[in-house]
Amino acid sequence: MIPISSGVRVWIASGHCDMRKGMQGLALLVQEGLGRDPFRGDVFVFRGRSGRLIKALWHDGIGLSLYAKRLERGRFIWPATEGGAIALTAGQMSYLLEGIDWRNPQQSWRPTSAG
1 MIPISSGVRV
11 WIASGHCDMR
21 KGMQGLALLV
31 QEGLGRDPFR
41 GDVFVFRGRS
51 GRLIKALWHD
61 GIGLSLYAKR
71 LERGRFIWPA
81 TEGGAIALTA
91 GQMSYLLEGI
101 DWRNPQQSWR
111 PTSAG
């Protein structure tokens with residue numbers, strides 16, 4: 001898990017991206033496609049076409065890191081807009097990584113008492 005502090009900005013790139021890209025390819029996409037600096041310390045998250053795989057690019061001040069997560073069931077919730085990036089909070093990023101709808105998190109079930 002990426003240790004995201006409250007001061008780190010998280011950006012998700014709308015649309016989908018080629019998941020064959022590595023650190024350099026995604027950093028170039030951040031610079032040219034999103035117009036942002038990938039070495040500033042922000043987290044940039046990209047989703048593949050199928051919606052089951054995401055990659056997160058993050059520079060911690062020492063080096064560039066690339067994280068990937070694939071869901072066994074379901075898909076990552078992604079904005080419908082094309083082009084650009086959407087800012088998330090650290091809490092919304094946690095929901096996103098768990099496959100929960102980060103736009104409107106709700107409990108899907110309530111525990112019942114046994115008896």
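Going by UniProt numbering, the first residue of the sequence shown is number 1, and it counts up by one from there.
Positions of the beta carbon are idealized from the N, C-alpha and C atoms, including for glycine.
| Item | Value |
| --- | --- |
| Span of the alpha helix (DSSP H), counted from its first residue to its last, around residue 85 | Where residue 85 is concerned, there is no enclosing alpha helix (DSSP H), although the beta strand (DSSP E) it sits in stretches over 85-88. |
| Under 7 Å between C-beta atoms of residue 43 and residue 56 | yes |
| Unbroken beta strand (DSSP E) run spanning residue 43, endpoints | 43-47 |
| Pair within 7 Å by beta-carbon distance, residue 52 and residue 75 | yes |
| Selected residue, minimal CA-CA separation from residue 20, among 46, 40, 10, 86 | 46 |
| Short Cβ contact (7 Å threshold) for residue 85 with residue 34 | yes |
| C-beta atoms of residue 99 and residue 71 nearer than 7 Å | yes |
| Buried or exposed (CB count within 10 angstroms, at least 16 for buried), residue 80 | exposed |
| Helix, strand or coil at residue 56 [DSSP, three-state] | strand |
| Integer-rounded CB distance, given that residue 66 should sit under 8 Å from residue 10 | No, residue 10 and residue 66 are not in contact; Cβ-Cβ is about 15 Å, not under 8 Å. |
| Where residue 80 falls: helix, strand or coil (DSSP) | coil |
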